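One structure is given below, encoded as structure tokens.
2 protein chains.
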Amino acid sequence: MPSPSVSPRIAAVAPESPAAVPASAAVIADEPGIGAWRSFLTAHARITRRLDEELQAAHGLSLAEYDALLQIAHAPGRRVRMNVLAERVILSRSGITRLVDRLEAAGAVERSACATDARGQEAVLTPLGLDRLRTASATHLEGVRRYFLDRLDAADLDGLETSLGRVADPLGPGARPSHEGCPPAEA
Amino acid sequence: MPSPSVSPRIAAVAPESPAAVPASAAVIADEPGIGAWRSFLTAHARITRRLDEELQAAHGLSLAEYDALLQIAHAPGRRVRMNVLAERVILSRSGITRLVDRLEAAGAVERSACATDARGQEAVLTPLGLDRLRTASATHLEGVRRYFLDRLDAADLDGLETSLGRVADPLGPGARPSHEGCPPAEA
DNA sequence: GCAAGATCGTTGACTTGTCAACAAACGGTC
DNA sequence: GACCGTTTGTTGACAAGTCAACGATCTTGC
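Quick note, the sequences are listed as chains A and B, same order. Under my numbering, read the first sequence as residues 23 to 209, first letter to last. Under my numbering, read the second sequence as residues 23 to 209, first letter to last.
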């Protein structure tokens, strides 16, 4: 499932050639930070494509499926409300329904009714799912290292983390509480 | 066309709890650079989703379509071989065929047979397409500024550009020549 | 206690991408 | 100059996501 990516040179077009400029002249408005923006897009498109290919080839998992498994594995009790899972994987609710359908068909996950909310469903990791995840994570981490971590030193990584964090944080899904599963049954 | 994104916490699972660890303990292998990697993924998912929504709402263009228009506008003669366009927008050849179909239906682009290679087609920007692109680029650039550029200072941007460039460059499509259009007809 | 509204997960219809297969055209070799 | 392999763009069949609508359930105000 190679991501749709969208990529290289997303900038803009100059307002309008002021008559003197030949028709074939450049049209990019080269704003100061645009280079960084381009690198950002290009890097993401290329890396995720590679990682997805490798994961798919070696374990038959898409990056989204891997991510979902990881999210579940990481939650207490290895179970997460569909709801919450959708938000974490950044998918719509219907998207998560379908992704979990696939994982369930593959035996990596099971659905389980939520004890305290009859509407709710939880996705629960099966032992087989955990196995799959463990195996796949070797491949995945290897890729992340090779394409990303190994090319950057500690200072770079630090810079990236704070810069991109500053960019991503304010776009988060409003700092809601959003506990991850059904609260334990008793009052 | 909100990108599939794939996102937050893509790391890995610890090898196996060494017996003493309670079953509910953390499972993430927290490698040094993983924080940066997460920020990277999250930032990308959130920003592109916003930009795509805004572009779609204001001008009925997806980010991929916008990118394609921009690539064409940017090429000499405002025309590009399908071939090359696919590579630049990071889409398969069939993907580009379909995207150009849409743009053509919208009147933003026309197909034109390549003079020197009877197999070839070029996507040529129409005046209307250029107009659409210009209008849309205002929205788009505004968004890039608001979500990305404005949150970073010059040093951050510089760091991002070089770091991510170092990451993206080696994954490029092999430094092939790949001239963008049909060469002019005469020998 | 109950009606009105919000939320949850699923489904149908659709969009946008992929891959495999194709015909047409190119490019080199003999 | 005819053949053989490659490249080009399109197509059919499919994959994986979206949105809108739905029934079931929760929650809140009265």
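Backbone N, C-alpha and C define an ideal beta-carbon position, used for all residues, glycine too. Predicted model, so just to flag it, every value in this text is computed and none were measured.
| Asked | Found |
| --- | --- |
| Closest Cα partner of His66 of chain B within the set B:Leu155, B:Ser84, B:Ala137, B:Val166 | B:Val166 |
| Arg141 of chain B in three-state terms, based on DSSP | coil |
| Which residues DSSP lists as bridging Leu193 of chain B, in chain order | None; Leu193 of chain B has no bridge partner. |
| Nonlocal neighbours in the same chain, by C-beta distance under 8 Å from Gly129 of chain A, ignoring five residues either side | Thr148, Leu150, Gly151 |
| CB contact flag (Leu107 of chain A, His162 of chain A, <8 Å) | no |
| CA-to-CA distance, Ala79 of chain A to Ala158 of chain A, given in whole angstroms | 11 Å |
| Cβ contact (3+ pairs, closer than 8 Å) linking the stretch 166-183 of chain A and the stretch 118-129 of chain A | no |
| Inter-residue Cα distance where the pair is Leu155 of chain B and Gly99 of chain A | 50 Å |
| Chain-ordered neighbours of Ile69 of chain A on chain B, where CB pairs are closer than 8 Å | Val189, Ala190, Leu193 |
| Whether Met104 of chain B touches Val131 of chain B by CB criterion (8 Å) | no |
| Backbone CA spacing between Gly187 of chain B and Glu75 of chain B [nearest angstrom] | 27 Å |
| Rounded C-alpha distance that separates Val20 of chain B from Ser84 of chain B | Residue numbering for chain B in the displayed model covers 23 to 209; residue 20 of chain B lies beyond these limits and cannot be assessed. |
| Chain-ordered chain B contacts of Glu144 of chain A [CB-CB under 8 Å] | Near Glu144 of chain A there are no residues of chain B at all, since even the closest Cβ is about 15 Å away, more than 8 Å. |
| Top-ranked residue by Cα proximity to Asp175 of chain B, from A:Ser185, A:Leu92, A:Arg173, A:Arg60 | A:Ser185 |
| With 16 other Cβ atoms within 10 Å as the buried cut-off, status of Pro192 of chain B | exposed |
| Minimum Cβ-Cβ distance from Ile112 of chain B to chain A less than 8 Å | yes |
| Beta bridge counterpart(s) of Ser134 of chain B as assigned by DSSP | B:Glu144 |
| Those residues which DSSP pairs with Val102 of chain A across a bridge | A:Ala145 |
| Whole-angstrom C-beta distance between Glu183 of chain B and Gly57 of chain A, which should lie under 8 Å | 5 Å |
| Chain-ordered neighbours of Gly129 of chain B on chain A, where CB pairs are closer than 8 Å | Chain A residues near Gly129 of chain B: none, gap ~18 Å exceeds 8 Å. |
| Gly82 of chain B in three-state terms, based on DSSP | coil |
| Between the CA atoms of Ala95 of chain B and Thr64 of chain B - distance to the nearest angstrom | 30 Å |
| Range covered by the alpha helix (DSSP H) that runs through Ser118 of chain B | For the record, residue 118 of chain B in the displayed sequence is Ile; it is not Ser. Start and end: 115-127. |
| Beta-carbon proximity check, Ala86 of chain A vs Arg68 of chain B, cutoff 8 Å | no |
| Residues near Leu171 of chain A in its chain [Cβ-Cβ closer than 8 Å; skip 5 each side] | Leu179 |
| Burial state of Ser134 of chain B (16 or more Cβ within 10 Å) | exposed |
| Beta carbon proximity, Val166 of chain B to chain A, threshold 8 Å | yes |
| Buried versus exposed, by CB contacts within 10 Å (16 or more), Arg120 of chain A | exposed |
| For Asp153 of chain B, the nearest candidate out of B:Val111, B:Leu91, B:Gly142, B:Gly117 (CA to CA) | B:Leu91 |
| Any chain B beta carbon closer than 8 Å to Asp178 of chain A | yes |
| Option nearest Gln93 of chain A by Cα separation, candidates A:Arg173, A:Glu144, A:Gly82 | A:Glu144 |
| Straight-line gap, Ala47 of chain A to Ser114 of chain A (C-alpha atoms, nearest Å) | In this prediction, Ala47 of chain A scores a pLDDT of 35, lower than 50, which makes its location untrustworthy; no coordinate-derived value is stated. |
| Inter-residue Cα distance where the pair is Arg141 of chain B and Asp89 of chain B | 25 Å |
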